[in-house]
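Visitor: Input: one structure, supplied below.
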Amino acid sequence: MSEPGIFRRFLQLQSELADSLASLMGQTSSNTSFSFNENIRPGTYRIIHSESGKVLQISDKNEEKLITCDRQNSDSNHPGTKKGHWFLQRSGGGYLFKNRMHGTYISIALGSGFPYDIRATPYPATWVIYSGEGSNPDCVITTDKSASRILYMHSKSKSSEEDDAKSGKLYLAPRLDGDEKLWKLERIGNATGQTDVAEQASQLARQLEEAKSKLSQADKRHSKNVSELDQLRTQVREADMEISQVESELHQTQEALTRKIEALAEKEEELADGKKALIAKDKELTINQERLAGAQKMVDEMELKLADALQRLEEKEEEISQKRKELCEKNRIILEKEQLLHTEGVLERAKADDAVKLRQDEDPLEETTPELRGGSTNSAAQLNGMDQLSESGSVFGAGLVSSAGSVFSIESVFGGESIFSEASFNKGRAKFVPAGAPTGVDQKLASLGWDFDD
Numbered sequence: 001m002s003e004p005g006i007f008r009r010f011l012q013l014q015s016e017l018a019d020s021l022a023s024l025m026g027q028t029s030s031n032t033s034f035s036f037n038e039n040i041r042p043g044t045y046r047i048i049h050s051e052s053g054k055v056l057q058i059s060d061k062n063e064e065k066l067i068t069c070d071r072q073n074s075d076s077n078h079p080g081t082k083k084g085h086w087f088l089q090r091s092g093g094g095y096l097f098k099n100r101m102h103g104t105y106i107s108i109a110l111g112s113g114f115p116y117d118i119r120a121t122p123y124p125a126t127w128v129i130y131s132g133e134g135s136n137p138d139c140v141i142t143t144d145k146s147a148s149r150i151l152y153m154h155s156k157s158k159s160s161e162e163d164d165a166k167s168g169k170l171y172l173a174p175r176l177d178g179d180e181k182l183w184k185l186e187r188i189g190n191a192t193g194q195t196d197v198a199e200q201a202s203q204l205a206r207q208l209e210e211a212k213s214k215l216s217q218a219d220k221r222h223s224k225n226v227s228e229l230d231q232l233r234t235q236v237r238e239a240d241m242e243i244s245q246v247e248s249e250l251h252q253t254q255e256a257l258t259r260k261i262e263a264l265a266e267k268e269e270e271l272a273d274g275k276k277a278l279i280a281k282d283k284e285l286t287i288n289q290e291r292l293a294g295a296q297k298m299v300d301e302m303e304l305k306l307a308d309a310l311q312r313l314e315e316k317e318e319e320i321s322q323k324r325k326e327l328c329e330k331n332r333i334i335l336e337k338e339q340l341l342h343t344e345g346v347l348e349r350a351k352a353d354d355a356v357k358l359r360q361d362e363d364p365l366e367e368t369t370p371e372l373r374g375g376s377t378n379s380a381a382q383l384n385g386m387d388q389l390s391e392s393g394s395v396f397g398a399g400l401v402s403s404a405g406s407v408f409s410i411e412s413v414f415g416g417e418s419i420f421s422e423a424s425f426n427k428g429r430a431k432f433v434p435a436g437a438p439t440g441v442d443q444k445l446a447s448l449g450w451d452f453d454d
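Residue numbers (full-length UniProt numbering): 1 to 454.
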């Protein structure tokens, strides 16, 4: 409930409580000092609040609002503004208050809630006036002869409205004792604002015609509105059908969207699984790369070791090559020595053969044995030469004597050069082979494979 509503309810309860207390205590105010007055002459009056001395008039900002303002003129000879002038007109046993400037009446706003607001409207309300007895100029303005509801105004100290700082506010409330309910009627003219019956009839006829014209226009507008309403209803039905169709399509779209969302969720799950598998593959690849890096490191180390070994091998090969050169040089020297020894042996053999031949010429029978002996000597010399060759063959190779008497070449182990060829050796052998009986040397040679018969 708003603050004005709470305030009105408070005033209602206060007045009801005051009436109850007064009736219980026998203090109810009577009309002994005020009496019903129906003899007030119609005319133009000011309505003055007795307590504040302010004049009742209509607000400039709101033509329905009644306010009280300070008097601009203090006597009837200076009427002042028409906003504060009221025509007092008879209405049955009471009176009407009509504003001279606006033509509106003081009436009751029943829809405002109790206590009711007093406003200026085109609809008149009948008021009953109780006047003070004797020389008392005050009066009470009420709605009926019982004076159960009266017109009163809050003073500034009792008002909670913002605009009450300039003027009070009027209400219709239960009867209370106090100066808030007292008013004064100050006559300022005889004009009542009423016309004669003929003029009133003419005005009423004109108003009736205007009302009929307005009613006809209203009927036309109503027919037009009905037609428009039918069209609108048709459009609404069509719109409802379209909405139903759209809702159906929307429902289908939502179902399709739901399926899409579910498929998307499945794809996201597959993507998550793929990401997990990819992460696992990345980890595996990282492990393999680490292993490969370790293997590459081992290969690099092995390559370093191999390079070191190759370097050492090259050094060994250079050393072996140097050794070969040295051995070849030694073999050459040995071959030269052997050839020299062989040449000396051949010369000695030739001398021995000449001596044997000479002795055979002198005594063939006796010289056979010496010849064999000489042959033995020569064979011994030859054997010595062969022994030397055999001894030298222990270093660089010796010749092999076949059962047919052929001698293979004696080759150097390192150089691969033949010391004696088969032909040269057989040729030399033919020169110093003995013709006599075999000696011990010949037997030794025979045991080695020599065949003297061939």
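Idealized CB from N, CA, C, for every residue including glycine.
What you are looking at is a predicted structure, and each value in this text was computed from that prediction instead of being measured.
#1: Please tell me whether lysine 98 and isoleucine 58 are closer than 7 Å, where the distance is taken between their beta carbons.
#2: Between the C-alpha atoms of proline 61 and serine 244, what's the straight-line distance to the nearest angstrom?
#3: Classify valine 128: buried if its beta carbon has 16 or more other beta carbons within 10 angstroms, exposed otherwise.
#4: From which residue to which residue does the beta strand (DSSP E) around asparagine 99 run?
#5: Since I believe serine 135 is in contact with proline 124 (beta carbons under 8 Å), could you give me their beta-carbon distance rounded to a whole number of angstroms?
#6: Would you mind giving the Cβ-Cβ distance between threonine 143 and proline 122, rounded to the nearest angstrom? I have them listed as a contact below 8 Å.
#7: When you compare each of Glu64, Asp138, Asp70 to alanine 120 by their alpha carbons, which one comes out closest?
#8: Buried or exposed, going by whether 16 or more other CB atoms sit within 10 Å of the CB of histidine 222?
#9: Between the beta-carbon of leucine 88 and the beta-carbon of glycine 43, is there less than 7 Å?
#10: What whole-angstrom Cβ distance do tyrosine 171 and tyrosine 116 have, given they're in contact under 8 Å?
#11: Please specify which runs of the beta strand (DSSP E), each continuous and at least 3 residues long, are wholly inside the region 123-151, giving them in chain order.
#12: Threonine 121 bridges to which residues according to DSSP?
#13: Please name the residue or residues paired with glycine 189 in a DSSP beta bridge.
#14: What is the residue span of the beta strand (DSSP E) that arginine 90 lies within?
#15: Could you check what DSSP says for glutamine 245 in three-state terms: helix, strand or coil?
#16: How is glycine 374 classed by DSSP in three states: helix, strand or coil?
#17: Got a sec, what are the start and stop residues for the beta strand (DSSP E) glutamine 57 sits in?
#18: Consult DSSP for serine 223 and reduce its assignment to one of helix, strand or coil.
#19: Within the continuous beta strand (DSSP E) that includes proline 35, where are the two ends?
#20: With 16 other CB atoms within 10 Å as the buried threshold, where does leucine 250 fall?
#21: Is it right to say threonine 68 is buried, meaning 16 or more other beta carbons lie within 10 angstroms of its own, or is it exposed?
#22: Does threonine 68 come out as helix, strand or coil in the three-state DSSP assignment?
#23: At the level of alpha carbons, what is the spacing between phenylalanine 34 and glutamine 72?
#24: Closer than 8 Å by C-beta to isoleucine 118: which residues in its own chain qualify, once you throw out the five before and the five after it? Chain order, please.
#25: Can the beta-carbon of leucine 182 be found closer than 7 Å to that of serine 50?
#26: Pull the bridge partners of lysine 351 from the DSSP assignment, please.
#27: CB isoleucine 40 to CB lysine 184, shorter than 7 Å?
#28: Using a Cβ-Cβ cutoff of less than 6 Å, which residues in the same chain neighbour valine 140 once the five nearest sequence positions on both sides are dropped?
#29: Does leucine 264 pass the burial test, meaning 16 or more other C-beta atoms within 10 Å, or should it be called exposed?
#30: State the beta-bridge partners of proline 174 as determined by DSSP.
#31: Compare the beta carbon distance of arginine 233 and tyrosine 45 with 7 Å and say whether it is the shorter of the two.
#32: If you draw a straight line from the alpha carbon of glutamine 322 to that of lysine 305, how long is it in whole angstroms?
#33: In this structure, how does DSSP classify lysine 184 when only helix, strand and coil are distinguished?
Guide: From the atom records:
#1: no
#2: The question names proline, yet the displayed sequence has lysine at residue 61. Distance between the alpha carbons of lysine 61 and serine 244 is about 52 Å.
#3: buried
#4: 94-99
#5: Rounded, the Cβ-Cβ distance is 31 Å, inconsistent with contact.
#6: At roughly 19 Å, the Cβ-Cβ gap does not stay under 8 Å, so threonine 143 and proline 122 are not in contact.
#7: Glu64
#8: exposed
#9: yes
#10: 7 Å
#11: 128-132, 139-142
#12: Tyr105
#13: Thr44
#14: 86-91
#15: helix
#16: Only weak support exists for where glycine 374 lies, its pLDDT of 46 falling under 50; the coordinates are left without a value.
#17: 55-58
#18: helix
#19: Sequence check: residue 35 is serine here, not proline. Run containing serine 35: 34-36, per the beta strand (DSSP E) assignment.
#20: exposed
#21: buried
#22: strand
#23: 29 Å
#24: Leu66, Ile106, Ser107, Ile108, Ala109, Leu151, Leu170, Tyr171, Leu172
#25: yes
#26: Lysine 351 pairs with nothing; no bridge assigned.
#27: no
#28: Phe34, Tyr130, Ile150, Lys181
#29: exposed
#30: Arg149
#31: no
#32: 25 Å
#33: strand
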